[in-house]
Every structure is written in structure tokens, then in C-alpha cells.
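Enquirer: Protein chains in written order, with my numbering: chain A, 143 to 253; chain B, 143 to 253.
Number of protein chains: 2
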Amino acid sequence: MSADKVFEALSSASRRRILAFLSKTDMTAGEIAQRFADVMSAPAISKHLSLLEAAGLVWREKRGQSVHYGLKEDALTGTLVHFLGEVCPRSRPFRKESAEAARRKKGSSTT
Amino acid sequence: MSADKVFEALSSASRRRILAFLSKTDMTAGEIAQRFADVMSAPAISKHLSLLEAAGLVWREKRGQSVHYGLKEDALTGTLVHFLGEVCPRSRPFRKESAEAARRKKGSSTT
DNA sequence: TAATTATTTAACTAATAAGTTAAATAATCA
DNA sequence: TGATTATTTAACTTATTAGTTAAATAATTA
Numbered sequence: 143m144s145a146d147k148v149f150e151a152l153s154s155a156s157r158r159r160i161l162a163f164l165s166k167t168d169m170t171a172g173e174i175a176q177r178f179a180d181v182m183s184a185p186a187i188s189k190h191l192s193l194l195e196a197a198g199l200v201w202r203e204k205r206g207q208s209v210h211y212g213l214k215e216d217a218l219t220g221t222l223v224h225f226l227g228e229v230c231p232r233s234r235p236f237r238k239e240s241a242e243a244a245r246r247k248k249g250s251s252t253t
Numbered sequence: 143m144s145a146d147k148v149f150e151a152l153s154s155a156s157r158r159r160i161l162a163f164l165s166k167t168d169m170t171a172g173e174i175a176q177r178f179a180d181v182m183s184a185p186a187i188s189k190h191l192s193l194l195e196a197a198g199l200v201w202r203e204k205r206g207q208s209v210h211y212g213l214k215e216d217a218l219t220g221t222l223v224h225f226l227g228e229v230c231p232r233s234r235p236f237r238k239e240s241a242e243a244a245r246r247k248k249g250s251s252t253t
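1) In the DSSP assignment, what are the bridge partners of A:GLY212?
2) Counting only C-beta atoms, is A:PRO185 closer than 9 Å to chain B at any point?
3) Taking a Cβ distance cut-off of 8 Å, strictly less, list which residues of the stretch 203-231 of chain B are near chain A, in chain order.
4) Look at the alpha carbon of A:SER154 and the alpha carbon of B:PRO185, and state the distance between them as a whole number of angstroms.
5) Please name the residue, chosen from A:ALA197, A:TRP201, A:GLY172, that lies closest to A:ILE187 on a Cα-to-Cα basis.
6) Exposed or buried, which one is A:GLY206 when buried takes at least 16 other CB atoms within 10 Å?
7) Scan the stretch 175-201 of chain B and note each continuous alpha helix (DSSP H) run of 4 residues or more that stays entirely inside, going in chain order.
8) With a cut-off of 9 Å, does the C-beta of B:ASP180 fall near any C-beta of chain A?
9) Output yes or no for whether 9 Å exceeds the beta carbon distance between A:LEU266 and B:PHE225.
10) Let me know if A:ARG157 comes out buried or exposed under the rule of 16 or more other beta-carbons within 10 Å of its beta-carbon.
11) From B:CYS230 to B:THR219, what does the alpha carbon distance come to, in whole angstroms?
12) Which residues does DSSP pair with A:THR170 in a beta bridge?
13) For B:GLU215, count the other beta carbons within 10 Å of its own beta carbon; 16 or more makes it buried, fewer makes it exposed. Which is it?
14) State buried or exposed for B:MET143, treating a residue as buried only when at least 16 other CB atoms are found within 10 Å of its CB.
15) Excluding sequence positions up to five away, which residues of its chain have a Cβ less than 7 Å from the Cβ of A:MET182?
16) Rounded to whole angstroms, what is the Cα-Cα separation between A:ASP146 and B:LYS204?
Structure representation (C-alpha cells):
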């Protein structure tokens, strides 16, 4: 679950697309492979999923014949937010976004 | 300034260290090279800086003999926050971090 | 102008990555 | 058991990356 592995995993547009696809719901390897069949073979998807799992960004669970994969949102956001904290401790846009998120969360009580 | 180039740029631990080093203040290519001299040559640093600039993560300005580089925080946070929004629209840790950031910003008025 | 300093470019090497197809493994079902 | 389905592993190819040293470029100064 090192930052190295996370950023390595995120460096591929294919893997980022897989993560985005998983954001809606978890899915089997076959479903994911089918979704990207126009662009990549099933073994290629399988390798991407292994790498994503090694980076700690997805979980994997075998159920019967299929293997289900799901996003580990906390690992992803944790790493990126931590990195942002290191590199831009006082970034304006991040704080802006943060303030918005906090506002949405609380309703308009802080407005 | 594509997300592709940003994630590509961030995939290297060396480049992430350069970014973190630039977070304190901007610096000349020579100063940066000196900082990492134990681990990498000046031409290697120069290539990393070019790549970071191509990704839109740093600016470059020639002043006299030297070339100064500085972090473009907004580009970095913008890309990562946008990506998080796509992949984990309702991530808990991000919101938690967001709430903290908002709190720090406002003082303890919301506590 | 010649020498020095700062940085980048060129040419190269070694390692790694992303994809391929074919074969192996594992679970289910007739 | 044998066939089918789902997924992964193996073996391989091609392209890219990160680094190297040596040479080129550009600005400054003696």
C-alpha cells in the first residue's frame, strides 16, 4: 500500500479507467474485461487488476467461478490527499474544494 | 496540462521528490540538481524538470544564466481533486480531510 | 576574445511496461 | 467423467523510461 505503488498504478490511463468503472459498483473480472473488450484482451485486464490490487486500490474476492473486484476508495483518496498535503500544504484550490465539501456535508449552516 | 501527462509525471518517485522540494520555494535547476546530486546527475534532473513542465506542474523562467523553476500548485491539486471526484465522488476520507481543512481555515468557529 | 559557469541536448544502455496469443487452472454442470 | 465457463499465468514482442557520460549552447566575467 506504498505511495510508490499507488502512483505507479495510477500512471496508466487504462487502469484509471478501470478504477472509474469500478466507482459505480464492484464487478467480476469478466464484466470488466467485457467493458474494455474493444480496447484490450482479458489477460491484459487481469494484469491491470492484479497491479491495482497490489497497490491496495482494489479488493478481490472469489465467489464460485468468478472473481469480484471492488474499489478501495479510502486507500486512493488517502494517498492522494496525503501527497497533496506534502507537496502543496496550503493549496488554494484544494481548500476551496474542501470548503465546498464541508458545506455540502453540513447543509448551509456555515454559510 | 492533460491528466495523462500529470499522472505520468507523478509516477516517478524522483519527480515527486522534486515537486516536494519545490513546495518550499522556487529554485534554479542548479540548486535542485545539487540537492539530488547524491542520487542523480544534473542532466537527469533537467529531463525530469522538462517533463514536469510539459505536464504543467511547474513553471520555468530563465533569469540571466540560471533557469528558475517553481511549483504550479493549482494544476497539481486541480488534477488530483478532479480525478478523485470522478472515481470516488463520495469518499469519506476526502470529506474528512476537507472538513479539517475548512476548520483550520476558519479558526475554531465551527467547532 | 577567452574562460568559466549554468543548463540542456545527444547518443547510448539497461530495465520495465503494456500489450499479444496460447496454455494452464479452477469451478460448475450435463 | 468430460465439457464448458471464468480467470490467470507463461512466453514473447515492442516501445518507453530512467539513468549514464560527453558534447553543445548560452550567459557572464576577466
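Where is the CB? At the ideal position from N, CA and C, for every residue including glycine.
Expert: Per the coordinate set shown:
1) A:TRP201
2) no
3) Within the stretch 203-231 of chain B, the qualifying residues are LEU213, GLU215, ASP216, LEU218, THR219, GLY220, LEU222, VAL223, PHE225, LEU226, GLU228, VAL229, CYS230, PRO231.
4) Taking the straight line joining both Cα atoms gives about 26 Å.
5) A:GLY172
6) exposed
7) 184-196
8) Chain A contact via Cβ: absent.
9) Chain A is shown only over 143 to 253; residue 266 of chain A falls outside these bounds and no answer can be derived.
10) buried
11) 16 Å
12) A:HIS210
13) Burial state of B:GLU215 is buried, judged by a 10 Å Cβ sphere holding 16 or more other Cβ atoms.
14) Counting Cβ neighbours within 10 Å, B:MET143 comes out exposed, since fewer than 16 surround it.
15) Excluding residues within five positions, the ones whose Cβ falls inside 7 Å are SER156.
16) 32 Å
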